[in-house]
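Trainee: Take this structure first; my questions come after.
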């Protein structure tokens with residue numbers, strides 16, 4: 233379908249849609265909504281059927297949405313649908329050891345939102361809240377076509393665009409393919425993009441915990457030798473747990489009954505929130521680092537986990553993906569206004585230059601942090617504890633880290649300003 237917003241230089245090309253986004257998780261729909269506001273026609277191909285995406289049950293999976301990500305969601309019309317179902321993160325406390333072990337030592341980090349003039353550093357939002365809101369917004373937005381329950385089986389670059397063949401046999405002709413299809417991105421693999429990465433020998437145990445006492449909007453991160461335990465506040469007296477353990481131990485814990493699982497969690501969790509109980513299901517995810525060697529190929533660009541997957545130690549996975557979304561939207565919108573081919577190599581290279589350094593820095597930070605903290609080496613423990621104590625005592629440094637966590641540093645795309 234020809235789009236009147238597309239410059240005349242491209243109008244002779246025959247395409248079904250300006251952009252095909254492969255992947256219907258979170259980043260793909262967010263990008264579709266952003267691009268539709270620029271007058272582009274977008275088709276999103278989701279291998280999962282819509283009812284599976286839409287009817288997610290409560291399972292404890294949640295995201296720490298940085299302030300910059302909240303701004304993006306507001307700009308694309310999603311935030312107003314979910315705001316009253318999110319939990320502001322008013323404080324973040326980071327320490328060695330575990331909760332409930334007495335007063336925190338001087339060697340800890342404490343971030344208080346009162347030190348930021350912009351307000352809370354971010355909000356916690358459950359997966360079951362965010363996904364349906366994205367689906368609902370896509371149905372309301374002009375120029376978005378959604379194909380669900382159908383997978384891409386082949387892609388081919390043509391003289392003036394690209395063709396994708398779906399499992400159903402349908403062929404889509406487009407100007408640009410965006411891969412938002414996760415760490416094992418088929419889009420990237422079909423484009424010949426290789427990946428670099430490694431596993432950590434750790435597995436994340438994810439669940440939701442109901443607790444007797446209020447959390448007061450405080451997020452906790454406790455560094456223990458096998459890996460970090462994050463306790464993240466959700467609406468009500470409920471918290472999301474992301475507990476990293478060695479693969480072997482995690483496999484053993486996975487087989488436990490709920491009662492036995494709570495028995496091994498309690499000593500690590502502590503009693504600072506009173507009695508605890510499981511609510512919803514338990515999930516496990518292997519942890520590792522994987523980064524695409526290139527974020528672009530001829531008429532192909534990668535965003536989110538398709539471009540980079542990191543350790544959840546800093547809670548920045550989705551935030552990094554949404555920054556990809558905002559940056560790509562701006563690059564493509566600027567190209568559209570200049571009358572350029574949206575998928576020209578120099579256009580896509582602008583996106584890669586913008587995101588590559590930020591992603592490399594974040595990947596290195598999360599990798600080094602996990603290696604520094606996920607051990608019981610006395611020397612490393614002393615180094616990291618002294619480091620946390622020094623940072624906590626230096627207000628300018630502490631506030632700079634808070635702004636980093638809120639996504640307010642660096643070259644921010646317009647949608648995040």
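Residue numbers (this note's numbering): 233 to 649.
Backbone N, C-alpha and C fix where the C-beta goes; we use that ideal spot for every residue, glycine too.
What you are looking at is a predicted structure, and each value in this text was computed from that prediction instead of being measured.
From 391, 352, 507, 340, pick the residue whose C-alpha is nearest to that of residue 575; which is it?
Mentor: Measuring from the Cα of residue 575, the nearest candidate turns out to be 391.
Trainee: Report the start-end ranges of each alpha helix (DSSP H) in the region 538–623 that is 4 residues or longer and not cut off at the edges.
Mentor: Counting only runs of 4 or more, we get 549–570, 577–605.
Trainee: Between the Cα of residue 373 and the Cα atoms of 546, 268, 415, 622, which residue gives the shortest distance?
Mentor: Among 546, 268, 415, 622, the Cα nearest to that of residue 373 belongs to 268.
Trainee: In this structure, does DSSP put residue 250 in helix, strand or coil?
Mentor: It is a strand residue.
Trainee: When burial is assigned at 16 or more other CB atoms within 10 Å of the CB, is residue 249 buried or exposed?
Mentor: Buried is the call here.
Trainee: Roughly how many angstroms lie between the CA atoms of residue 408 and residue 594, to the nearest whole one?
Mentor: Distance between the alpha carbons of residue 408 and residue 594: 27 Å.
Trainee: Starting from the C-beta of residue 368, find all residues in its chain whose C-beta is less than 8 Å away, skip the five residues before and the five after it, and write them out in chain order.
Mentor: Around residue 368: 313.
Trainee: Could you give the residue range of the beta strand (DSSP E) that holds residue 447?
Mentor: Counting along the chain, residue 447 falls outside any beta strand (DSSP E), and DSSP gives it neither H nor E.
Trainee: What ranges does the beta strand (DSSP E) occupy inside the region 487–536, keeping only unbroken runs of at least 3 residues that lie completely in it?
Mentor: For the region 487–536, whole beta strand (DSSP E) runs of length 3 or above, ordered along the chain, are 508–524, 532–534.
Trainee: Quick one: residues in its chain with C-beta nearer than 7 Å to the C-beta of residue 459, no 5 flanking neighbours on either side, listed in chain order?
Mentor: Counting only Cβ-Cβ distances below 7 Å, and skipping sequence neighbours, we find 434, 476, 477, 606.
Trainee: Go through the region 272–309 residue by residue and report every complete run of the beta strand (DSSP E) that reaches 3 residues or more, in order.
Mentor: List check, beta strand (DSSP E) in window: 274–278, 294–298.
Trainee: Which term fits residue 351, buried or exposed, when burial requires 16 or more other beta carbons within 10 angstroms of its beta carbon?
Mentor: Exposed, because fewer than 16 other Cβ atoms sit within 10 Å of the Cβ of residue 351.
Trainee: Identify the residues that DSSP records as bridge partners of residue 328: which are they?
Mentor: Per DSSP, 455.
Trainee: Report yes if the C-beta distance between residue 339 and residue 621 is below 9 Å; otherwise report no.
Mentor: It is a contact, given that the beta carbons lie within the stated cut-off.
Trainee: For the region 403–420 against the region 245–265, are there 3 or more C-beta pairs whose distance is under 8 Å?
Mentor: Short answer: they touch.
Trainee: Could you check what DSSP says for residue 388 in three-state terms: helix, strand or coil?
Mentor: Looking at residue 388 - three-state DSSP - the assignment turns out to be strand.
Trainee: Can you list, in chain order, the residues of its chain whose CB lies under 6 Å from that of residue 551, leaving out five sequence neighbours each side?
Mentor: Within the same chain, residue 551 has close Cβ partners 298, 301, 639.
Trainee: As a quick exercise: from 541, 402, 487, pick the residue whose alpha carbon is nearest that of residue 428.
Mentor: Checked all of 541, 402, 487; the closest Cα to residue 428 is 541.
Trainee: Quick one: residues in its chain with C-beta nearer than 7 Å to the C-beta of residue 399, no 5 flanking neighbours on either side, listed in chain order?
Mentor: So the list reads 382, 383, 385, once near-sequence residues are dropped.
Trainee: Over the uninterrupted alpha helix (DSSP H) stretch that includes residue 359, give me the two end residues.
Mentor: Per DSSP, residue 359 belongs to the alpha helix (DSSP H) from 359–372.
Trainee: Shortest alpha-carbon distance to residue 492 belongs to which of 388, 628, 510, 506?
Mentor: Selected option, being the one with the closest Cα: 510.
Trainee: Within the same chain, show all residues whose beta-carbon is closer than 6 Å to that of residue 631, passing over the 5 residues directly before and after it, in chain order.
Mentor: So the qualifying residues of the chain are 347.
Trainee: If we ignore side chains and look at the alpha-carbon of each, how far apart do residue 641 and residue 633 end up?
Mentor: So the two alpha carbons sit approximately 9 Å from each other.
Trainee: How many Å lie between residue 358 and residue 565 at the Cα?
Mentor: In a straight line, the C-alpha of residue 358 is about 30 Å away from that of residue 565.
Trainee: Would residue 263 be called buried (16 or more neighbouring beta carbons within 10 Å of its own) or exposed?
Mentor: Residue 263 is buried by the Cβ-count criterion.
Trainee: Within 10 Å of its beta-carbon, does residue 265 have 16 or more other beta-carbons around it, so buried, or fewer, so exposed?
Mentor: Residue 265 is buried by the Cβ-count criterion.
Trainee: For residue 425, report the span of its beta strand (DSSP E) as first-last.
Mentor: Here residue 425 belongs to no beta strand (DSSP E), and DSSP marks it neither H nor E.
Trainee: Would you mind reading off the limits of the alpha helix (DSSP H) that contains residue 262?
Mentor: 259–268 is the extent of the alpha helix (DSSP H) around residue 262.
Trainee: For residue 475, write down the residues that DSSP places opposite it in a beta bridge.
Mentor: DSSP output for residue 475 lists 437, 461 as bridge partner(s).
Trainee: Where does the unbroken beta strand (DSSP E) through residue 628 begin, and where does it stop?
Mentor: Residue 628 -> not in any beta strand (DSSP E); alpha helix (DSSP H) instead, spanning 627–637.
Trainee: According to DSSP, what are the bridge partners of residue 394?
Mentor: Paired residues: 389, 406.
Trainee: Please list the terminal residues of the continuous beta strand (DSSP E) segment that includes residue 380.
Mentor: 376–380 is the extent of the beta strand (DSSP E) around residue 380.
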